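Trainee:
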Amino acid sequence: MPAMNMIQAINSALDVMLERDPRVLIFGEDVGYFGGVFRATDGLMEKHGAKRCFDTPISEGGIIATAIGMGAYGLRPVAEIQFADYILPAYDQLVSEAARLRYRSGGEFWSPITVRSPYGGGIFGGQTHSASPEALFAHVSGLKTVIPSSPYDAKGLLISAIEDDDPVIFLEPKRIYNGPFDGRQGIPLKPWSTHAASAVPEGHYTVPLGKANVVRPGQGVTVLAYGTMVHVCLAAVDDVGADAEVIDLRSIVPLDIDTVVQSVRKTGRCVIVHEASRFSGFGAELSALVQEECFYHLQAPIERVTGWDTPYPHAFEWDYFPGPQRVSAAIRRCVEARP
Amino acid sequence: MLKNSRLQLHIPRPPARPGETPDFSYVDLQPAGACRRPPTDEAESRMRDLPFGLVRVLDDDGSAVGPWAPELGDEHLKRGLRAMVLTRIFDDRMFKCHRQGKTSFFMKSTGEEALGAAPSMVLGMEDMCFPTYRVVSYLMARDYPLADLVNQIFSNAADPLKGRQLPILYSARRYGFYSLSGNLGSRFGHAVGWAMASAYMEDDKIALAYVGEGTTAEGDFHEALTFASVFHAPVILAITNNQWAISSFQGTAGGQETTFAACSLGYGIPGLRVDGNDFLAVHAATAWAAERARSNLGATLIEFVTYRAAGHSTSDDPTRYRPSDEPRHWPLGDPIARLKNHMIRRGFWSEEEHAALEAECDRQVREAVKAGEEIGTLGKSKPGVEEMFECVYKVPDWRLIRQRQELGV
């Protein structure tokens with residue numbers, strides 16, 4: 081089985097779906113001849129032809145509107161928004177149109193689009209190339225939001241997203257495109273080939289949407305994370321030496337509530353980690369759900385470790401980024417707390 | 003050299019407000035038959051006069067004149083007239099239903115009935131119309147069941163949209179009529195995407211999208227034109243310039259600077275400016291654009307010049323912002339009267355037959371309303387409340403299942 085990094089896994093998912101389903105086509109800014117600024121669509125135009133993989137005008141609203149119309153016709157378009165920071169011109173299309181088309185038309189029309197977009201910080205991208213907007217989508221009834229944390233999951237989840245009959249926002253943690261970055265700076269990035277989840281089958285397979293992955297079983301504390309933060313949390317757990325159960329949510333909508341509740345009822349402690357800012361972040365929803373479902377099992381206050389409530393700052397990137405030290409401290413507080 | 007002076011901010015103003023004399027001298031009228039009709043495969047670069055012309059077929063005497071006059075059979079025109087008459091009678095009846103508290107909201111298309119009816123008869127059932135809320139005549143021309151319209155407007159147990167959508171924001175897939183929404187312009191680009199999909203699949207279907215002149219100011223409009231231009235989408239993009247966007251006159255959207263049809267010029271798409279109250283002109287222009295689309299010649303932008311003779315909606319009082327007698331001064335007349343006169347002139351229609359048609363349409367509308375009332379008007383009947391939780395996703399997730407249980411439905 082070939083070892084792939086996350087970009088190669090995403091490229092492979094797109095390649096497989098172009099091969100399997102003539103209704104699948106891919107478009108976005110610079111995705112065609114050039115193969116995308118992160119190379120996710122590298123070679124796809126050459127292999128499958130320009131009608132299957134092509135460049136669009138710089139028009140995020142136009143890209144998504146076009147995709148929705150194609151989806152309503154019966155295609156399965158995969159649109160790329162070059163950076164999640166630039167998805168907002170298309171927010172109206174996603175919220176007012178894609179998310180509601182099936183509902184408002186009495187089920188007559190739907191649009192099974194997949195919107196891929198690199199997101200998150202840690203690459204010195206400043207406030208225009210670092211955003212984590214997942215909560216903006218999680219709040220919208222009718223959208224699904226998926227975030228992989230490994231090459232294996234990225235390919236399987238992306239294929240599931242493309243085959244899904246609802247609109248899916250597929251956010252790619254670009255900091256871990258090339259390796260499982262764990263938030264420790266100043267040391268060389270381990271390549272994906274050193275990680276078990278880089279073993280990616282060449283053909284078609286799926287990872288279901290709405291099924292979380294217990295990446296590290298444990299008894300003492302539950303750590304909820306997704307994307308890059310899964311690796312940061314694993315590093316933090318190692319640093320602390322805690323008996324932590326680390327859960328990679330994989331998709332925040334649909335959310336695997338059962339796995340979360342089962343784990344927190346077992347451990348009685350919960351730390352929630354995301355890179356997006358804290359206030360009304362997805363962690364707030366997770367915290368509310370854990371409180372509602374696990375209150376009488378909780379031994380300690382729920383901890384949230386997140387980005388600060390500021391725009392993503394350039395020079396202060398590592399002060400903003402919720403790295404292993406902050407996560408470790410939160411795990412320690414949570415584990416040591418006594419009623 | 004120009005003398006330096008202080009800058010002045012220009013705020014556009016309509017020619018007449020309440021109490022003033024209506025003035026439509028700004029509408030560039032050209033005689034019927036005057037506008038040339040190039041072959042559909044003419045290069046765009048040689049048609050750049052058309053956005054400043056005015057395609058008109060019916061002259062003041064009711065004769066069809068000039069190169070755009072379509073050859074349409076008697077029965078075809080009777081069907082078109084019927085769709086327009088039915089629309090007007092339906093509108094009046096449902097407006098009354100709103101005043102009687104039978105529904106929460108309604109919008110009439112008075113004066114604009116040709117804009118849906120004629121294109122509906124040009125396009126096939128497999129083509130897709132991306133409508134505005136003022137082209138119900140598109141459905142009327144396809145014999146969409148009046149009862150389904152009434153039930154949707156009453157949001158009753160038989161509402162085809164399951165009580166989820168505001169009255170008149172219909173969806174009728176089997177009739178080639180895309181789901182409406184109250185957000186203006188956000189489906190204009192869907193039509194382009196739909197048309198691109200048809201071309202991608204080497205299908206033969208085309209799309210038609212409508213947008214009001216006020217909504218041409220939205221980014222969606224320009225994004226759609228960009229994609230339509232770049233990818234040669236087989237789509238007809240129609241602007242219904244009815245002079246008013248609620249209380250904002252067409253100059254608020256740029257209509258005092260150029261024609262709306264001229265928006266086409268910056269995109270390299272042919273643009274037509276068409277008498278929207280002339281059924282034959284609307285028919286001919288749509289057919290011309292449809293032929294271009296079906297021949298892989300790409301998109302056409304059409305401005306239909308018309309007038310919103312009634313208020314914006316049941317919530318609107320147009321006498322607050324325009325002269326109360328302005329509708330009577332509209333120079334392009336009434337689309338129903340003009341087609342009717344033409345048919346009488348051609349000798350296959352009469353006042354008596356027209357009166358009989360109106361009576362028949364009135365009877366059908368009353369029957370449909372009565373049937374809808376028997377099921378129930380707004381608040382008296384509604385679909386099962388469980389419908390609230392359906393169709394959010396193809397399959398409800400645990401949240402929706404739990405919330406439905408919590409509500410006990």
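Line order of the protein sequences matches chains A and B. Residue 81 is where the first sequence starts when you use the working numbering, and the numbers rise one by one after that. Residue 3 is where the second sequence starts when you use the working numbering, and the numbers rise one by one after that. Where is the CB? At the ideal position from N, CA and C, for every residue including glycine. Please read all numbers here as calculations on a predicted model, not as lab measurements.
Tell me the rounded alpha-carbon separation between valine 287 of chain A and alanine 71 of chain B.
Mentor: Whole-angstrom Cα-Cα distance: 60 Å.
Trainee: Return the first residue and the last residue of the beta strand (DSSP E) that glutamate 160 of chain A is part of.
Mentor: Counting along the chain, the beta strand (DSSP E) containing glutamate 160 of chain A begins and ends at 156-160.
Trainee: Quick one: does glutamate 388 of chain B have its CB under 9 Å from some CB of chain A?
Mentor: No, because no Cβ of chain A sits closer than 9 Å to the Cβ of glutamate 388 of chain B.
Trainee: Using only the alpha-carbon positions, how far apart do arginine 349 of chain A and lysine 384 of chain B sit?
Mentor: Going by the C-alpha atoms only, they are around 46 Å apart.
Trainee: Quick check on methionine 81 of chain A: buried or exposed, where buried means 16 or more other Cβ atoms within 10 Å of its Cβ?
Mentor: It is exposed - the Cβ of methionine 81 of chain A has fewer than 16 other Cβ atoms within 10 Å.
Trainee: Would alanine 143 of chain B and glycine 75 of chain B be called neighbours here (beta carbons separated by less than 9 Å)?
Mentor: No, they are not a contact pair.
Trainee: Would you decide whether proline 325 of chain B is buried or exposed? Buried here means 16 or more other CB atoms lie within 10 Å of its CB.
Mentor: Flag for proline 325 of chain B reads buried.
Trainee: From what residue to what residue does the alpha helix (DSSP H) around lysine 291 of chain A run?
Mentor: Where lysine 291 of chain A is concerned, there is no enclosing alpha helix (DSSP H), given that its DSSP letter is neither H nor E.
Trainee: Closer than 7 Å between beta carbons: that is the criterion. Which residues of the segment 194-207 of chain B meet it against chain A?
Mentor: So the close ones are Val194, Gly195, Trp196, Met198, Ala199, Ser200 and Tyr202.
Trainee: Using a beta-carbon distance cut-off of less than 9 Å, what residues from the segment 148-167 of chain A approach chain B?
Mentor: Correct list: Ile148, Gly149, Met150, Gly151, Ala152, Tyr153, Gly154, Leu155 and Pro157.
Trainee: May I have a chain-ordered list of the alpha helix (DSSP H) segments no shorter than 4 residues that lie completely inside the segment 178-263 of chain A?
Mentor: You should have 181-184, 214-218 and 231-243.
Trainee: Cβ of arginine 412 of chain A less than 9 Å from any chain B Cβ?
Mentor: No, arginine 412 of chain A does not count as interfacial toward chain B.
Trainee: Roughly how many angstroms lie between the CA atoms of alanine 312 of chain B and phenylalanine 281 of chain B, to the nearest whole one?
Mentor: So the two alpha carbons sit approximately 19 Å from each other.
Trainee: Who are the Cβ neighbours of alanine 410 of chain A in its own chain at under 6 Å, not counting the five residues just before and after it?
Mentor: For alanine 410 of chain A, where only same-chain residues beyond five positions count, the Cβ hits under 6 Å are Val351, Glu383 and Val385.
Trainee: Please tell me whether phenylalanine 189 of chain A has its Cβ less than 9 Å away from any Cβ of chain B.
Mentor: With 9 Å as the cut-off, phenylalanine 189 of chain A counts as an interface residue toward chain B.
Trainee: From the DSSP secondary-structure annotation, give me the bridge partner or partners of glutamate 325 of chain A.
Mentor: Answer by DSSP bridge pairing, in chain order: A/Thr302.
Trainee: Cβ of alanine 356 of chain A within 9 Å of Cβ of serine 212 of chain A?
Mentor: Contact: yes.
Trainee: Mind checking phenylalanine 189 of chain A: buried by the 16 CB within 10 Å criterion, or exposed?
Mentor: Looking at its Cβ environment, which holds 16 or more other Cβ atoms inside 10 Å, phenylalanine 189 of chain A is buried.
Trainee: On a Cα-Cα basis, can you pick out the residue from B/Gly191, B/Thr112 and B/Gln366 that is closest to isoleucine 238 of chain B?
Mentor: Per the Cα distances, B/Gly191.
Trainee: Check whether chain A comes within 9 Å of tryptophan 246 of chain B, counting only Cβ atoms and requiring the distance to be less than that.
Mentor: By this cut-off, tryptophan 246 of chain B is not an interface position.
Trainee: Within the segment 206-255 of chain B, note down every full alpha helix (DSSP H) run reaching 4 residues or more, in order along the chain.
Mentor: Runs found: 221-232.
Trainee: Whose Cβ in chain A lies nearer than 9 Å to the Cβ of cysteine 265 of chain B?
Mentor: The contacting residues do not exist; cysteine 265 of chain B stays about 15 Å from chain A at best.
Trainee: Hey, could you find the ends of the alpha helix (DSSP H) valine 385 of chain A is sitting in?
Mentor: It is not in any alpha helix (DSSP H) - valine 385 of chain A instead sits in the beta strand (DSSP E) that spans 383-387.
Trainee: Report the partner residues of methionine 130 of chain B according to the DSSP bridge assignment.
Mentor: The partner list for methionine 130 of chain B (beta bridge, DSSP) reads B/Ala209.
Trainee: Once the 5 residues before and after phenylalanine 26 of chain B are set aside, which same chain residues still bring their CB inside 8 Å of it?
Mentor: For phenylalanine 26 of chain B, where only same-chain residues beyond five positions count, the Cβ hits under 8 Å are Pro17, His331, Trp332 and Pro333.
Trainee: Is the beta carbon of methionine 150 of chain A less than 9 Å from the beta carbon of tyrosine 202 of chain B?
Mentor: Yes, the Cβ-Cβ distance between methionine 150 of chain A and tyrosine 202 of chain B is below 9 Å.
Trainee: Would the segment 201-217 of chain A and the segment 185-199 of chain B be scored as touching if the rule is three or more Cβ pairs under 8 Å?
Mentor: Verdict: no, contact absent.
Trainee: Closer than 8 Å by beta-carbon distance: list the chain A residues that pair up with leucine 163 of chain B, in chain order.
Mentor: Chain A residues near leucine 163 of chain B: Arg184, Ser185 and Gly186.
Trainee: Verify the CB distance criterion: does leucine 105 of chain A have a CB-CB separation below 9 Å to chain B?
Mentor: Answer yes: the Cβ-Cβ gap between leucine 105 of chain A and chain B drops below 9 Å somewhere.
Trainee: Our contact map puts alanine 193 of chain B next to alanine 209 of chain B with C-beta atoms below 8 Å; I'd like the distance itself, whole angstroms only.
Mentor: So it is a contact: roughly 4 Å between Cβ atoms.
Trainee: Between arginine 180 of chain A and chain B, is any beta-carbon pair separated by less than 9 Å?
Mentor: Chain B, which has a Cβ nearer than 9 Å to the Cβ of arginine 180 of chain A, makes this yes.
Trainee: If you measure between the beta carbons of tyrosine 230 of chain B and isoleucine 271 of chain B, is that distance less than 9 Å?
Mentor: The amino acid at residue 230 of chain B is misidentified as tyrosine; the sequence shows alanine. A contact, by the Cβ cut-off of 9 Å.
Trainee: Could you give the residue range of the beta strand (DSSP E) that holds isoleucine 167 of chain A?
Mentor: Taken as a continuous stretch (DSSP letters only), isoleucine 167 of chain A belongs to no beta strand (DSSP E), as it is neither H nor E.
Trainee: Tell me which residues share the same chain as leucine 182 of chain B and place their Cβ nearer than 7 Å to its Cβ, disregarding the 5 neighbours each side in the sequence.
Mentor: Closer than 7 Å at the Cβ level, and outside the excluded window around leucine 182 of chain B, lie Pro133, Tyr135, Leu171, Tyr172 and Ser173.
Trainee: Assuming tyrosine 212 of chain B and tyrosine 177 of chain B are in contact, meaning their beta carbons sit under 8 Å apart, how far apart are those beta carbons, in whole angstroms?
Mentor: Actually they are not in contact, since the Cβ atoms of tyrosine 212 of chain B and tyrosine 177 of chain B sit about 15 Å apart, beyond 8 Å.
Trainee: If I'm right that glycine 205 of chain A touches glycine 403 of chain A with Cβ under 8 Å, what's the distance once you round it to whole angstroms?
Mentor: Between glycine 403 of chain A and glycine 205 of chain A the Cβ distance is about 17 Å, and since that is not below 8 Å, they are no contact.
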